[in-house]
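Heads up, the thing below is written out as structure tokens.
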Amino acid sequence: MQAPESSIRINGRPRIIVMGSFVADLMGRADHIPISGETVKGNFFKVGPGGKGANQAVAAARAGGDVAMITKLGMDSFGDMAFDNFIKEKINTNFVYRSKEYSTGAALIMVSEKTGQNSIIVIPGACAQIREEEVIDAIDKLMPADILVLQLETNFEAIRESLKEGAARGLKILMNPAPAHEIPEEYYSMIDYLTPNETEASILSGIEVKTIDDAKKAAKVLHSRGAKNIVITLGEKGVLILDAENSFIHVPAFKVNAIDTTGAGDAFNGAFALALAEGKDIVSSAVFANAAAAISVTRIGTAPAMAYRNEIEKFLDINQPKIPRWREL
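Under the working numbering, the first residue of the sequence shown carries the number 4, and numbering increases by one thereafter.
Right, here's the structure in full:
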């Protein structure tokens, strides 16, 4: 494995590659999320930019990164919206491909105004049609870089090639396994940071995660498959880390008044990737990312809710970073 070519930076900013999805968010808010067979009257509707990959790219860029996006869009108004948003956020679009055959993806989001919780259906569309050769060419031309960020919202062929290319070039690789589905075991060893939430950790490990102790058990299972650091996000319970030295660290969350949790995980992952790329240790990176996520849930939407660097730093100045409660071998 060759060392990552990370010596050349634009304006001193860490270079981050995100290979993932863009989908248009079609978000409706109501007093509660309907159960099966129920129709409820909504209070608010908005169309905006989204997708786990694009959201994480925006989060990393606003936090201070020089970010490049690899994705695929349709030749339609949602695709135009994506380009406009990437340009606005100063994200490199040289490898944002467009398809004449497939439309841009969409996410149908329902948000409860009572709890801020959400339910989402994602239709990936064009971003599930990224070709292996497109990924290989993009990563080759985007080097040097510091970290590669992946999710599971695109086609696995593109994800697999991204893992192989990133590992071969010595890049740090952050995998956010969302939406959760099986990852072939031979690819776990290529992942430096695996960042599931409670639901994703439960699906991947086979252990239902409801408590911190449950998260520890799930983390051990995932760590045993070869991923170097397991970072399980637990919402208001904070973050559970099982690091490369086989130590557990719990980083508590910041307490805020949440009104929309839809993009919290993406806010965390984008800011976490940025902090790691800057050379922060895993705990400091998690604290920084927790702050970014805390800010995002006080706002409506996904990409538009992501925090800027000065906002994160101001938040951390006001809310003294919490030292992990325990570290355990």
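For every residue, glycine included, the Cβ atom is placed at its ideal position computed from N, Cα and C. Just so it is clear, the structure is predicted and the values come from calculations on it, not from any experiment.
(message) For G209 and D195, I'd like the C-alpha separation in whole angstroms.
(response) Against the sequence shown, residue 209 aligns to sequence position 206. Against the sequence shown, residue 195 aligns to sequence position 192. D195 has its alpha-carbon roughly 21 angstroms from the corresponding atom of G209.
(message) Classify H184: buried if its beta carbon has 16 or more other beta carbons within 10 angstroms, exposed otherwise.
(response) Start at 1 with the first residue of the sequence shown, and residue 184 comes out as number 181. The residue is exposed, with fewer than 16 neighbouring Cβ atoms inside 10 Å.
(message) Cutting at 7 angstroms between CB atoms, please list the residues of its own chain near F89, excluding the five before and the five after it.
(response) As a working mapping, residue 89 is identified with position 86 in the sequence shown. Taken in chain order, the residues that qualify are M72, T96 and V99.
(request) For the segment 122-163, list the beta strand (DSSP E) runs that are entirely contained and at least 3 residues long, ordered along the chain. (result) 150-154
(request) Measure the C-alpha to C-alpha separation of L245 and E203 and round it to an integer number of angstroms. (result) Translated into positions along the sequence shown, residue 245 becomes position 242. Translated into positions along the sequence shown, residue 203 becomes position 200. Their Cα atoms are separated by approximately 16 angstroms.
(message) Can you tell me whether R65 is helix, strand or coil according to DSSP?
(response) In the sequence shown, counting from the first residue as 1, residue 65 sits at position 62. It is helical.
(message) Using 8 angstroms as the cut-off, can you tell me whether the segment 266-282 makes contact with the segment 246-258, which would need three or more C-beta pairs spanning the two stretches below that distance?
(response) No, the segment 266-282 is not in contact with the segment 246-258.
(message) From the DSSP secondary-structure annotation, give me the bridge partner or partners of I73.
(response) Counting from 1 along the sequence shown, the entry for residue 73 is found at position 70. Paired residue(s): M22 and F98.
(message) I need the DSSP call for K175, collapsed to helix, strand or coil.
(response) Position 172 of the sequence shown, counting from 1, holds the residue named residue 175. In the structure shown, K175 sits in a strand (DSSP, three-state: E or B).
(message) Please report the straight-line C-alpha distance between I19 and A148, rounded to a whole angstrom.
(response) Along the sequence shown, one-based indexing puts residue 19 at 16. Along the sequence shown, one-based indexing puts residue 148 at 145. Each residue's alpha carbon lies about 6 angstroms from the other.
(request) Can you grab the Cα-Cα spacing for the pair D217 / L243, in whole Å? (result) Counting from 1 along the sequence shown, the entry for residue 217 is found at position 214. Counting from 1 along the sequence shown, the entry for residue 243 is found at position 240. For D217 and L243, the distance between alpha carbons rounds to 10 angstroms.
(request) Starting from the C-beta of Q5, find all residues in its chain whose C-beta is less than 8 angstroms away, skip the five residues before and the five after it, and write them out in chain order. (result) Within the sequence shown, the letter at position 2 stands for residue 5. Because the pLDDT at Q5 is just 42, under 50, the model does not fix this residue reliably, and the value given afterwards should be weighed accordingly. If we look at Q5 and ignore the five residues flanking it on each side, its Cβ neighbours are A171, R172 and G173.
(message) Considering only their Cβ atoms, is the gap separating A297 from V259 smaller than 7 angstroms?
(response) Locating residue 259 in the sequence shown gives position 256, counting from the first residue. Locating residue 297 in the sequence shown gives position 294, counting from the first residue. Yes, they are a contact pair.
(message) So, with DSSP's three-state summary, where would you put S10?
(response) Counted from its first residue, the sequence shown places residue 10 at position 7. The pLDDT assigned to S10 is 39, lower than 50, so where the model puts this residue is not dependable; a value taken from the coordinates is nonetheless given after this. Three-state DSSP puts S10 in coil, outside helix and strand.
(message) Comparing C-alpha positions only, which one of I124, A161 and A63 sits nearest to V26?
(response) The residue you call residue 26 lines up with position 23 of the sequence shown. The shortest C-alpha separation from V26 is found at I124.
(request) Using the DSSP secondary-structure output, state which residues sit across from F47 in a beta bridge. (result) Taking the sequence shown and counting its residues from 1, one reaches residue 47 at position 44. R32, per the DSSP bridge assignment.
(request) Determine the burial state of T157: buried for a count of at least 16 other Cβ atoms within 10 Å of its Cβ, exposed for fewer. (result) On the sequence shown, position 154 is the one that residue 157 refers to. Per the 10 Å Cβ criterion, buried.
(request) Please determine if the segment 130-143 and the segment 67-81 are in contact, where contact requires at least 3 C-beta pairs separated by less than 8 angstroms. (result) yes
(request) Identify, in the order they occur along the chain, each residue of the same chain with its Cβ nearer than 8 angstroms to the Cβ of G45, setting aside the five sequence neighbours on each side. (result) Residue mapping note: residue 45 aligns to position 42 of the sequence shown, counting from 1. So the qualifying residues of the chain are G31, R32 and A33.
(request) Between the Cα of S250 and those of R134, P182 and V286, spot the shortest distance and give me the residue it belongs to. (result) Here the question's residue 250 lines up with position 247 in the sequence shown. Among R134, P182 and V286, the Cα nearest to that of S250 is on V286.
(request) Just confirm the distance between the C-beta atoms of G273 and A110, as a whole number of angstroms; I'd bet it's less than 8 angstroms. (result) Residue numbering aside, residue 273 sits at position 270 when the sequence shown is read from its first letter. Residue numbering aside, residue 110 sits at position 107 when the sequence shown is read from its first letter. Not confirmed; about 17 angstroms, so no contact.
(message) Please identify the residue among V43, F47, G77 and A85 whose C-alpha is closest to the C-alpha of A60.
(response) Indexing the sequence shown from 1 puts residue 60 at position 57. When only C-alpha atoms are compared, the closest one is A85.
(request) Please say whether K117 and H35 have beta carbons closer to each other than 7 angstroms? (result) Taking the sequence shown and counting its residues from 1, the one referred to as residue 35 is at position 32. Taking the sequence shown and counting its residues from 1, the one referred to as residue 117 is at position 114. Closer than 7 angstroms, so yes.
(message) Let me confirm a value: S10 is counted as buried when at least 16 other C-beta atoms fall within 10 Å, else exposed. Which label applies?
(response) Reading the sequence shown from its first residue, position 7 is the one you call residue 10. Below a pLDDT of 50, predicted positions are generally treated as unreliable, and S10, at 39, falls in that range; no measurement from the model is reported.
(message) Can you tell me whether T202 is helix, strand or coil according to DSSP?
(response) Counted from its first residue, the sequence shown places residue 202 at position 199. Note: T202 maps to helix in three-state DSSP.
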